Amino acid sequence: MAGSFGRALGTAALVSLVAAPALAEKASQLTSINGSLGRDAESMLQSRGFTHVSTHKNDMGYVYSYWWKSADKSCVSVEVYNGRVETVSDASASDCGHGGGSAAAAAGVVAGAAILGALLSHKSHHHDNDQHAADVAAEQQYERGYTDGLHNAAYHNYERTDAYSSGYQAGVDERNANLSHHSGRGGYSAFVKVDDLNGARAAGGMEELTRRGFTQVDNFTSGNARYSIQYRAASRQCVQATVADGRLEDVRDIGTHPKCR
């Protein structure tokens, strides 16, 4: 778990810590971790007796991890961005899977057993205000929406609540972040990334497209921009590269084009 967490932190930030018991180690006592590399923060937390619980990504490149210290029953959340810790915050015990608080009560209502409070799949940072809802019914709806969105289930807001809608969007955002490596295509052919060429100098970018196996099949101009349609037969990728002011302003897979064949 430690190794996988270290790799996850290499792309984002360790999360925020929410409310903890009176004698628990507070986020204010962990400020020395701010600004450190994710892998270093991992070692610092472990040396203080914390155990990694879970890690979550969002579609803006942030990584949130939750840590539990059994000695004083404290839960902290660390936010990482670009491989460095930005904030450390107190988190609720339920965020670390130990029940208690409104989140636990909400889960208890959902399943008829308070013990499920330790099993809520969404965390504090998923909420816009970084806090679980105080209202049990709202937290129940948020959890259902989050689970549906995370697992790509159909949007089913049969009680027409804002909580379900917000939870569903949070789930979709995390699903997209977790699948950012995926092209969205299936099958057995390799897929080539092209969005990393956005902003590149036009000459070098076009040469790189050729190096990656693309061939220009069409081009046209509109206003001050030139558009190049590129096709890669091996993966059946059809890409449009927009050139403006000497740079590749926008490179994207457009799916199909009459000359992409």
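Taking mature numbering (1 follows the signal peptide of the UniProt record, and there is no 0), I'd label the letters of the sequence shown as residues -24 to -1, 1 to 237. For every residue, glycine included, the Cβ atom is placed at its ideal position computed from N, Cα and C. Note that this is a predicted model, so its numbers are computed, not measured.
- Task: Take the Cβ of E150 as the centre, count every other Cβ of all protein chains shown within 10 Å, and call the residue buried at 16 or more, exposed below.
- Result: If you number the sequence shown from 1, residue 150 lands on position 174. With 16 or more other Cβ atoms inside 10 Å of its own Cβ, E150 counts as buried.
- Check V168 in the structure and name its three-state DSSP category. By one-based count along the sequence shown, residue 168 stands at place 192. Three-state DSSP puts V168 in coil, outside helix and strand.
- Bridge partners - Y38, DSSP secondary structure assignment: Residue mapping note: residue 38 aligns to position 62 of the sequence shown, counting from 1. Partner(s): Y57.
- Sort out for me which residues DSSP pairs I205 with in a bridge. Working through the sequence shown from its first residue, we reach residue 205 at position 229. For I205, which the question treats as bridged, DSSP gives the partners D194, Q216.
- Message: I'd like the span of the beta strand (DSSP E) that includes L224, first residue to last.
- Response: The count along the sequence shown starts at 1 and reaches residue 224 at position 248. First-last of the beta strand (DSSP E) with L224: 223 to 229.
- Item | Residue from L224, F26, Y57, A47 with nearest C-alpha to residue 238 | Nothing about residue 238 can be reported from this structure: the residues present for the chain run from -24 to 237 only.
- Task: Identify whether T186 lies in helix, strand or coil by the three-state DSSP scheme.
- Result: Numbered from its first residue, the sequence shown carries residue 186 at position 210. Look at T186 here: in three-state DSSP terms it is helix.
- Please report the residue range of the alpha helix (DSSP H) in which residue 239 lies. In the structure displayed, the chain extends from -24 to 237; residue 239 sits before or after that span and is not available.
- Task: Return the chain-ordered list of same chain residues with a C-beta closer than 7 Å to the C-beta of R177, the five sequence neighbours on each side being excluded.
- Result: Mapped onto the sequence shown, residue 177 falls at position 201. G222, R223.
- Taking just the CA atoms, how far does G121 sit from H74? Position 98 of the sequence shown holds residue 74. Position 145 of the sequence shown holds residue 121. Taking the CA atoms as reference points, H74 sits about 22 Å from G121.
- Starting from S141, follow the alpha helix (DSSP H) in both directions and report where the run begins and ends. Position 165 of the sequence shown, counting from 1, holds the residue named residue 141. Looking at the DSSP string, the run of the alpha helix (DSSP H) that includes S141 is 138 to 154.
- Tell whether a beta-carbon distance below 9 Å holds between V219 and I230. Residue 219 sits at position 243 when you count from the first residue of the sequence shown. Residue 230 sits at position 254 when you count from the first residue of the sequence shown. For V219 and I230, no; Cβs fall outside 9 Å.
- Message: Quick check: what's the CA-CA separation for N152 versus S53?
- Response: Position 176 of the sequence shown, counted from the start, is the residue given in the question as residue 152. Position 77 of the sequence shown, counted from the start, is the residue given in the question as residue 53. Approximately 21 Å between the Cα atoms of the pair.
- Message: Among S70, L126, H32, whose alpha-carbon lies nearest the alpha-carbon of H108?
- Response: Within the sequence shown, residue 108 is the residue found at index 132, counting from 1. With distances taken between Cα atoms, H108 lies closest to S70.
- Which full runs of the beta strand (DSSP E) of 3+ residues lie inside the stretch 2 to 38, going along the chain? For the stretch 2 to 38, the continuous beta strand (DSSP E) assignments of 3+ residues that do not extend past its boundaries occur at 27 to 33, in sequence order.
- Task: Within the same chain, show all residues whose beta-carbon is closer than 7 Å to that of R202, passing over the 5 residues directly before and after it, in chain order.
- Result: Here residue 202 refers to the residue found at position 226 when the sequence shown is read from its first residue. Result list for R202: N195, V219, in chain order.
- L55 versus A139: straight-line alpha-carbon distance, rounded: For the purposes of this step, residue 55 is taken as the residue at position 79 of the sequence shown. For the purposes of this step, residue 139 is taken as the residue at position 163 of the sequence shown. Looking at the sequence shown, residue 55 is not Leu but Glu. The alpha-carbon atoms of E55 and A139 are separated by roughly 24 Å.
- Task: Kindly confirm or deny that the stretch 110 to 124 and the stretch 132 to 147 touch, where touching means at least three C-beta pairs closer than 8 Å.
- Result: yes
- Message: Within a Cβ cutoff of 6 Å, which residues of the same chain sit near L6, ignoring the five residues on either side of it in sequence?
- Response: Position 30 of the sequence shown holds residue 6. Here the set comprises V64.
- A47, DSSP secondary structure in three states: Residue mapping note: residue 47 aligns to position 71 of the sequence shown, counting from 1. If DSSP states are grouped into helix, strand and coil, A47 belongs with coil.
- Query: How is D66 classed by DSSP in three states: helix, strand or coil?
  - Reply: As a first step, residue 66 is located in the sequence shown; it is residue number 90 there, counting from the start. Annotated three-state conformation of D66 is strand, per DSSP.
- Message: Measuring straight from C-alpha to C-alpha, what distance separates A217 and D226?
- Response: In the sequence shown, counting from the first residue as 1, residue 217 sits at position 241. In the sequence shown, counting from the first residue as 1, residue 226 sits at position 250. Distance between the alpha carbons of A217 and D226: 6 Å.
- Look at the alpha carbon of L126 and the alpha carbon of S41, and state the distance between them as a whole number of angstroms. For the purposes of this step, residue 126 is taken as the residue at position 150 of the sequence shown. For the purposes of this step, residue 41 is taken as the residue at position 65 of the sequence shown. Distance between the alpha carbons of L126 and S41: 17 Å.
- Message: Measuring only the C-alpha atoms, how far is H101 from R228?
- Response: Walking along the sequence shown from the start, residue 101 turns up at place 125. Walking along the sequence shown from the start, residue 228 turns up at place 252. Each residue's Cα considered, the two are about 31 Å apart.
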